[in-house]
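Just below is one structure, and these are the notes that go with it.
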Amino acid sequence: MEIKINGVAIAAYPSSFVPTVLDLDDGESTTRTADGTLNRDRIAVKRQIDMEWGVLTWAEISALMQAMSGVFFSVTYPDPMAGAYQTKTFYVGNRQAAFAVAKGNDIRWQGLKVTLTER
80 MEIKINGVAI AAYPSSFVPT VLDLDDGEST TRTADGTLNR DRIAVKRQID
130 MEWGVLTWAE ISALMQAMSG VFFSVTYPDP MAGAYQTKTF YVGNRQAAFA
180 VAKGNDIRWQ GLKVTLTER
């Protein structure tokens, strides 16, 4: 598997990679009738990617977080719906990571979790 951010392979590969296909509906024109029938106005189909890493060195976590520091960035990833690698523009939400262990100045981090959402 290959994952790139802005054309560069990521510093460490995730232990969990979960792509999701999202349907975005128009909130005003998508309604249900009195008998429960859905009248749907889908305005876009977007992707969301959840990734999680195990133990990372300080250099690895720093490189990963810096790669996702832009407001928007391109991501190349395997898309299960397309059946091929895709490159799309994403943004990242909160980036959570816990301190794992330190030996002197060598710090290890664990459990970095990110959610990337297509622009």
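Per the working numbering, residue 80 is the first one in the sequence shown, and the count goes up by one each step. Every residue gets a Cβ at the ideal spot worked out from N, C-alpha and C, and that includes glycine. It should be emphasised that the depicted structure is a prediction, and the values quoted were computed from it without experimental measurement.
Proximity to PRO157 across ALA142, VAL97, ARG121, ASN85 peaks at VAL97, based on C-alpha coordinates. Note that the C-beta distance between ALA181 and VAL87 is not below 8 Å.
When Cβ pairs closer than 8 Å are counted between the two stretches, the segment 121 to 139 is seen to touch the segment 178 to 198, the count reaching three or more. For MET80, there is no enclosing beta strand (DSSP E), as DSSP gives it neither H nor E. Annotation for TRP137: the continuous alpha helix (DSSP H) segment containing it runs 137 to 146. One alpha carbon belongs to TRP137, the other to ASP105, and they sit about 43 Å apart.
Judged by their CB atoms, LEU143 and ARG187 are not nearer to each other than the 8 Å cut-off.
Within the model, the alpha-carbon separation for ASN184 versus PHE178 is close to 13 Å.
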